[in-house]
Each structure stands twice: as structure tokens, then as C-alpha cells.
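A.B. asks:
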Amino acid sequence: MKIKLTFWKIVFLVIMALGLYSTVIRYFYGLGAVSNMTDQFPWGLWIGFDCLCGVMLAAGGFCIVGAVYLFNVERLHSVVRPAVLTAFLGYLLFIVGLLFDLGRPWYIWHQMIYMNPHSVMFEVGMCVMAYTTVLFFEFLPNVLERLHLHAPIKWIRRVYPVLIVLGILLSTLHQSSLGSLYLIMPSKLHPFWYTPALPFLFFGSAIAVGLAMTIFESTQSAKAFGRHLELPVLVELGGALLVALWVNALLRFEDYFHRGMLGQIVKPSYEAYFLWLELALAFVIPITMLSFKKVRLSPQGLYLASIFTVLGFITNRLNIALTGFETYVGHHYVPKWTEFSVTLMIIAMGFALFGVAVKYLPIYPEEKHAVEPRLRSELGPVAVTPVLGHAGD
Amino acid sequence: MSKALLYDATMCIGCKQCEGACAQQNKLPYDDKVAAESVQSEHKYTVVLTRDDKFMRRLCMHCEHPACASVCPVGAFHKTAEGPVVYDVWKCIGCRYCMVACAFNQPKYEWQSLNPRVRKCIMCPDRVLAGKPTACAEICPTGATKFGERDDLIKEAQDRIRQSPSTYLPRIYGLNEVGGTSVLILSSVNVEDYGYPASARVGTTPMPEYTGRVMERIPDFIPVWTLVLGGIYWVSHRREEVAEAEAAEKNGSARSEGTNSGATKSGGTK
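So the protein lines, in turn, are chains U and X. So for the first sequence, our numbering puts the first residue at 302; every next one is plus one. So for the second sequence, our numbering puts the first residue at -6; every next one is plus one.
#1: Using a Cβ-Cβ cut-off of 9 angstroms, state whether K258 (chain X) counts as contacting chain U.
#2: Could you compute how far the alpha carbon of G68 (chain X) sits from the alpha carbon of W410 (chain U)?
#3: What runs of the alpha helix (DSSP H), each 4 residues or longer, lie entirely inside the stretch 556 to 580 of chain U?
#4: Could you work out which residues of chain X lie near D340 (chain U), taking near to mean beta carbons separated by less than 9 angstroms?
#5: Taking the continuous alpha helix (DSSP H) assigned at K310 (chain U), which residues delimit it?
#6: I need the straight-line Cα distance from W456 (chain U) to E439 (chain U), nearest angstrom please.
#7: Within a Cβ cutoff of 8 angstroms, which residues of the same chain sit near R560 (chain U), ignoring the five residues on either side of it in sequence?
#8: Where does T686 (chain U) fall in DSSP's three states?
#9: Measuring alpha carbon to alpha carbon, tell me which of X:V64, X:V78, X:L107 ends up nearest L52 (chain X).
#10: At 3 residues or longer, what runs of the beta strand (DSSP E) sit wholly inside the stretch 16 to 48 of chain X?
#11: Could you give the first and the last residue of the continuous beta strand (DSSP E) run that contains E142 (chain X)?
#12: Under a three-way DSSP split, which group does C117 (chain X) fall into?
#13: Looking only at C-alpha atoms, which of U:G404, U:R553, U:A525, U:R327 sits nearest to R89 (chain X)?
#14: Give, in chain order, every residue of the stretch 55 to 67 of chain X whose Cβ lies closer than 7 angstroms to some Cβ of chain U.
#15: For the stretch 175 to 195 of chain X against the stretch -1 to 6 of chain X, are there 3 or more C-beta pairs whose distance is under 8 angstroms?
#16: Give the secondary structure of C11 (chain X) by DSSP, where H, G and I count as helix, E and B as strand, and everything else as coil.
#17: How would you call A206 (chain X), buried or exposed, if buried means at least 16 neighbouring beta carbons within 10 angstroms?
#18: Once the 5 residues before and after Q99 (chain X) are set aside, which same chain residues still bring their CB inside 6 angstroms of it?
#19: What separation, rounded to the nearest whole angstrom, lies between the Cα atoms of L122 (chain X) and L162 (chain X)?
#20: Return the CA-CA distance between G613 (chain U) and K125 (chain X), expressed in angstroms with no decimal places.
#21: Measuring straight from C-alpha to C-alpha, what distance separates L358 (chain U) and G505 (chain U)?
#22: In this structure, does DSSP put V67 (chain X) in helix, strand or coil?
#23: Please state whether DSSP places K595 (chain U) in a helix, a strand or coil.
#24: The ligand NAP and I647 (chain U): does any heavy atom of the ligand fall closer than 8 angstroms to the residue's C-beta?
#25: Below 9 angstroms between beta carbons: does that hold for G511 (chain U) and F363 (chain U)?
#26: I'd like the span of the beta strand (DSSP E) that includes M(-2) (chain X), first residue to last.
#27: Please name the residue or residues paired with V79 (chain X) in a DSSP beta bridge.
#28: Closest Cβ-Cβ distance between H559 (chain U) and chain X: below 9 angstroms?
#29: To test your reading of the DSSP string, which unbroken alpha helix (DSSP H) runs of 4 or more residues are found completely within the stretch 514 to 547 of chain U?
#30: Inspect the beta-carbon positions of A541 (chain U) and M317 (chain U) and report whether they are closer than 9 angstroms.
#31: Note down, in chain order, all residues in the stretch 75 to 87 of chain X with a beta-carbon under 7 angstroms from any beta-carbon belonging to chain U.
#32: Once you ignore the five residues that flank K305 (chain U) on each side, which residues in its own chain have a CB closer than 6 angstroms to its CB?
#33: Could you give the first and the last residue of the continuous alpha helix (DSSP H) run that contains L582 (chain U)?
#34: For T616 (chain U) versus P587 (chain U), is the C-beta distance shorter than 9 angstroms?
#35: Interface residues of chain U around L107 (chain X) at Cβ under 7 angstroms?
#36: For N108 (chain X), count the other beta carbons within 10 Å of its own beta carbon; 16 or more makes it buried, fewer makes it exposed. Which is it?
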């Protein structure tokens, strides 16, 4: 097999090489050598991006599964598999990120025996662990189908309603609890971002980003794998995204209004600049764009709007994790290049694994769409579980 | 029955013997170089700060309701009945949530270590359990750091303020801050000028309550939300089954006409 070096493959290899270098530094010289984290800034880029943003970016899984299986939005069938794949990879990579960030990752299993039910972190940990397991079973039929193992698919199919409900329950809990992590720092986190509403805001942003990420990855996959772009699906998601953004914007406004912050957020300050950036990217630009029907019906428009949304909420979470502490601490935290390189490596791994999965697994079983209606009628009630509906036929 | 430390900054002469005794007790290096360091760190649990010839000691406050203990996912911290907030290194996984959660920024980290530990003053729990004062209190030549029952020390602090109101600011720092701490501070200067968080800023609410308000809802939330989600699932799929049955019926009657529009559901156009 001849391997052709394209531009992106070279970029990938460079990122992986730098990431591996940083990995060696991390595990042979410690957190102090690899990062700019200090006693004043004990949580840096890895918590801010890999964990807070990583879990948010993987929210598409539960959003789409919820829409399709709970609310019967059948038009979204075709994105269930890629969304579940993204979520599964996202959580696996979140755990990889955690292994870098934890000071004593070899004791991560302590979580399961020394439980502290008062700890938000404990709850997040348990939920993430359980949800990753759920995602594994939601993802497994892809592999089984590929291996022509039909019997286990039937077993999973039988418990599928349980997996769906459990997955959404666990997602609701830990997506919002990521915000609750910060509730214990009222004296530290800047009031632009500290609010008792944090768990609600985190859950809301997870849904918006979940939808945006699904648009993004559908378009991206269409480009990368030469797939036919299903515009009606994107249009459906774009409409839902607009609603989700409005709900999020309303929540943010209500929060600032009730805490009497509206006067302060318009006054220029270091934090205000970052807040404006966040609000512009997450709300002003995508909401304005999606308000035009022309944009909502165009693949490029939807693609751009989803990118702005994702960048906006990433800015939001980085503001909460990093910017919001700078005034309290009294100095800036800028991640070391090795911190960036680990994060980049994890993102690159995500893209690569997604590509591999699409190549070898029936993530986009397009050929079958043509025969699907008939196939479904033959399968009867099973057809309501499309991930499995295709399975083994 | 809980023990505490009363630090009276007006009695402190800045001799730093508490620093040395602390280092010795915890088997930490202590020499002139460490003595000159004016910040707490993983090798310096307590520090005597100097500002305008006034001294101020910093150390873990040993909160009555410690944030570090409540946030730790593996329960590596806990408040003992005697007062000290202690740390079990074996349990620790190194998430550093204790460090971000502590309102007094007391937990420090061994950033250079390959198996790092969280380090902070643990109020000599072995000595306290044996009925002895902490190392710092024992060595203090002026009695600026005094060990005793928390209730007694509060009374004593109040007496000192009452007897010489011109010497002291009229407050005991740690009496009510974050719901009370086992380290109490009397001073003629603002402790805030030495890095302590302002009383108004940390408030009097025990820190664990901020997250507790949400966490205590979870046991109720889980069954309710499960029922809601399960209910939605059931309703939407029940509707589908009915639609399918109806369609099958119609399909049955229409079969003679040779159509096959049967089981595609209402929204299921592809």
C-alpha cells in the first residue's frame, strides 16, 4: 500500500510528533515542566479546553439521539450514527485529556472506591464513566454489523430504550454539573461568569453546540469523504440551532438582568472585551445569520453559522475556566506551547479516529437509503431504532 | 470540643520560629533561603509576612466546613473531630479541585514531582490528638500563636479587644468567615493587606453549601427525569405503533391496488 503524503497528513504528523514530545515531558518531568499551571492557576488549558469544551463538543450524541428516538424527528436519522461516533470519540478523548491533567492518573480508579457523594467532581466522573459505557453500546452495533455478528445486535436492540433514556439522563446530569463545578468559587470567579445559573447555562450551551457540531461534522464529512450532502437534514438542524441559540441568549440576558449586571457588562474592561467576543461569536453573529432564510437554506451559511456557534461557546467556557480568574489571581495565565501541543494532539486524534471509523464502519450507510422504506416495513417495530435498523441487513 | 489556633498579630515579633518548627514537624527543608521566601508553597505551609513593620502569619484556616473536603471526588480531605483538616495522600488522584475551591488558596501542589501531592498545613493532627499544642504554637516565644479550645479562644480574643480597643481592629477574622474557621486572627491592621480574602468577599456561608444546593437535588432529579424521558419515549413510540397498526390496516385494504406506502411513518419521508 502506497501512502500519499498530503498537506493535512503532514500537518497531522507534525502535531502528533510535537504532542508525543510533550507527552514524554509530562510523564517524565511532571506537570510543572509541561505546563504553565501554578499554585495560583491550578487549572489551565487542559481543564478549560480538553474537559469543559471537550464534553460540550461531544454533546451532539445525546442531542441527536434525543431528537430522533425520544421526539421521533425522523428526518435526522442519517446523522445519528456520526453523532454517536463523535460523542463516543469525544468522551474517550476527554478521558485521555484527563490522564494528562490529573497529577496522579494511575489512581483514577480511586474514584470508584473512595466515593464522596458531596463532590460535584465525583458526580461528573461517575456520569462520564457511565455515559461512555452507554455510548460504547450505542456505537457497538457499527462494529458488530461490520463483523456480521447479528445475534449481539439483537440483544443490544432489546435494551435500546434503556440505553437511550439512560444516556440522556446521564448527559443532563454531567453536562449541567460541569457548570456546578464552579459554584463553589463565588469569591474567585468574575461576576460576568459566576452565577447560580451555571448548571442551566452549561446544559443549554451543550445543546446548542451539540446541534452546531452535528451541522459542522456533516458538512466536513461531506467534503472530506466525498459524500452527498443531505441539505434537508442540515436545514432541520439549523432551525433547531436558531431556537437553541435564542433560548441560550434569553437565559444569559435573564441572568445578567436579575443580578443587575447589565450596566457592568457594557462598560469596557479586560473581562468585558472577552465577554463581548464570546457574546458576538456565540449569539450575535449566528443568530443574525440564521435569521435570514437564505442562510438557513444554504449549506455554506449553515456551516459558517455552526462554526461561529462552536467558537463562541468555546470562548465562553475558556472565559469561565481561565479569563474569569485572572483578575482574582492578579496575573495572566498563558498556556505553555507543550500544553497547546497536547490539546492539538488530542483534537488531531479525534479527527483521525473519526476518519478511520468512517472508512471501515457503516457510519454513513448511504447506499441503503434507497431501499430503506421497504426495509423498514419488513423490520416492523425494529425500524424505529435506525442505528440498528440498518444493522445486519 | 474542637481545637483552634488564635493568632494575635499585635504580639508577633516576626521571629519566624513557627516557620522553622512547622518545617521540622512536617520534615520539610528549612534554611535561610526558605526563611526568606515570603510565599507559601509545597515546602512552606506557613509564612510570616512583614509589611510596614507589622507582621502577619498565613496558614490553612481549617474551616469548620471545608471546601476542599466537600469538593474532593475521592474524599482525600476531611475535618477531624478535633479540628484539623487533614489529607490522605493515598486517595488523592491529583485533580486539584481543592486548590481552585479553597477561598484562602491554601492547598499547594508539588508541580515538579512525578507523583505529586497536595500540601498544606494539617494542624499537627497527631500532636493535637495526643493533647499537645501544634508545633507552631508550642514554639512561639510571645504567645502570638495560641492553641486551645475554639470557644475559649473566641472568648479570649473578645476580651483582648474589649480590654484594649485602641490596639485591635474590632473583629476576629475567622469567627464567621465561610461559616467559621479553626484559625482565628486578631490584628491592628487589615488582614486583607496580607493576602487574606476580604470578609465581605468570602461571606459567612459555608462554601460546601454553594454546590450542596445543587447536589442535594440530584437524588430527586434522577427518578423524576427518568420518568419524564421514559414517558416521552413511550408516548412517541406508542403513537408510532398506533400509526403503524393503522397504516397496516389501510395497507391491507389497499393491497389489492398494489401500493406499498405502508409502514413509512408520518414524518418519515426520505
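Built from N, CA and C at the ideal position, the CB exists for glycine as well. Computed from a predicted model, the values in this text were never measured in an experiment.
C.D. replies: Put simply:
#1: One-based indexing of the second sequence puts residue 258 (chain X) at position 265. Confidence is the limiting factor: at K258 (chain X) the pLDDT is only 41, short of 50, which leaves the residue's position unreliable, though a coordinate-based value still follows. Yes, K258 (chain X) lies at the interface with chain U (some Cβ there is under 9 angstroms from its Cβ).
#2: As a working note, residue 68 (chain X) is residue 75 in the second sequence. As a working note, residue 410 (chain U) is residue 109 in the first sequence. In a straight line, the C-alpha of G68 (chain X) is about 13 angstroms away from that of W410 (chain U).
#3: 563 to 566, 571 to 580
#4: As a working note, residue 340 (chain U) is residue 39 in the first sequence. Residues of chain X passing the Cβ test: V32, Q33, S34, E35, M92, N98, P100, K101, Y102, W104.
#5: Working through the first sequence from its first residue, we reach residue 310 (chain U) at position 9. Where K310 (chain U) is concerned, the enclosing alpha helix (DSSP H) stretches over 308 to 330.
#6: Counted from its first residue, the first sequence places residue 456 (chain U) at position 155. Counted from its first residue, the first sequence places residue 439 (chain U) at position 138. Approximately 12 angstroms between the Cα atoms of the pair.
#7: Within the first sequence, the letter at position 259 stands for residue 560 (chain U). P492, T496.
#8: One-based indexing of the first sequence puts residue 686 (chain U) at position 385. With a pLDDT of only 39 at T686 (chain U), under 50, the local geometry of the prediction cannot be trusted, and the value read off the model is given with reservation. Residue state, collapsed to three classes: coil.
#9: For this step, residue 52 (chain X) is matched to residue 59 along the second sequence. L52 (chain X) has its Cα closest to that of X:V78, out of X:V64, X:V78, X:L107.
#10: 40 to 44
#11: As a first step, residue 142 (chain X) must be located in the second sequence, where it is residue number 149. 138 to 142 is the span of the beta strand (DSSP E), which, as asked, contains E142 (chain X).
#12: Working through the second sequence from its first residue, we reach residue 117 (chain X) at position 124. Coil.
#13: Counted from its first residue, the second sequence places residue 89 (chain X) at position 96. If we check each option's Cα against that of R89 (chain X), U:G404 comes out closest.
#14: A60, S63, V64, C65, P66, V67
#15: yes
#16: For this step, residue 11 (chain X) is matched to residue 18 along the second sequence. Three-state result, C11 (chain X): helix.
#17: Position 213 of the second sequence, counted from the start, is the residue given in the question as residue 206 (chain X). In the sequence as presented, Ala is not what sits at residue 206 (chain X); that position holds Arg. Classification of R206 (chain X): exposed, given that the 10 Å Cβ count is below 16.
#18: Looking up residue 99 (chain X) in the second sequence gives position 106. Once the five neighbours on either side are set aside, the close Cβ partners of Q99 (chain X) are C53, K113.
#19: Position 129 of the second sequence, counted from the start, is the residue given in the question as residue 122 (chain X). Position 169 of the second sequence, counted from the start, is the residue given in the question as residue 162 (chain X). Cα to Cα, L122 (chain X) sits roughly 33 angstroms from L162 (chain X).
#20: Here residue 613 (chain U) is taken as the residue at index 312 of the first sequence, counted from 1. Here residue 125 (chain X) is taken as the residue at index 132 of the second sequence, counted from 1. When rounded, the distance between both Cα atoms is 57 angstroms.
#21: In the first sequence, counting from the first residue as 1, residue 358 (chain U) sits at position 57. In the first sequence, counting from the first residue as 1, residue 505 (chain U) sits at position 204. Whole-angstrom Cα-Cα distance: 13 angstroms.
#22: The count along the second sequence starts at 1 and reaches residue 67 (chain X) at position 74. Of the three classes helix, strand and coil, the one that applies to V67 (chain X) here is coil, per DSSP.
#23: On the first sequence, residue 595 (chain U) is found 294 positions in, with the first residue counted as 1. K595 (chain U): helix per DSSP, three-state reduction.
#24: For the structure depicted, the ligand NAP is absent and the ligand set is empty, with no information on it obtainable.
#25: Residue 511 (chain U) sits at position 210 when you count from the first residue of the first sequence. Residue 363 (chain U) sits at position 62 when you count from the first residue of the first sequence. Against a cut-off of 9 angstroms, the Cβ pair of F363 (chain U) and G511 (chain U) comes out as a contact.
#26: Counting from 1 along the second sequence, the entry for residue -2 (chain X) is found at position 5. Going by the sequence as given, residue -2 (chain X) is Leu instead of Met. First-last of the beta strand (DSSP E) with L(-2) (chain X): -4 to 1.
#27: Here residue 79 (chain X) is taken as the residue at index 86 of the second sequence, counted from 1. X:H71, per the DSSP bridge assignment.
#28: Counted from its first residue, the first sequence places residue 559 (chain U) at position 258. It does not: the Cβ of H559 (chain U) has no partner Cβ on chain X nearer than 9 angstroms.
#29: none
#30: Along the first sequence, one-based indexing puts residue 541 (chain U) at 240. Along the first sequence, one-based indexing puts residue 317 (chain U) at 16. Cβ atoms of A541 (chain U) and M317 (chain U): not closer than 9 angstroms.
#31: K84, C85, I86, G87
#32: By 1-based counting over the first sequence, the position of residue 305 (chain U) is 4. So no residue of the chain qualifies.
#33: Walking along the first sequence from the start, residue 582 (chain U) turns up at place 281. It is not in any alpha helix (DSSP H) - L582 (chain U) carries neither H nor E in the DSSP assignment.
#34: On the first sequence, residue 616 (chain U) is found 315 positions in, with the first residue counted as 1. On the first sequence, residue 587 (chain U) is found 286 positions in, with the first residue counted as 1. Going by C-beta atoms, T616 (chain U) is not nearer than 9 angstroms to P587 (chain U).
#35: Numbered from its first residue, the second sequence carries residue 107 (chain X) at position 114. Result: G331.
#36: Counted from its first residue, the second sequence places residue 108 (chain X) at position 115. N108 (chain X) should be labelled exposed.
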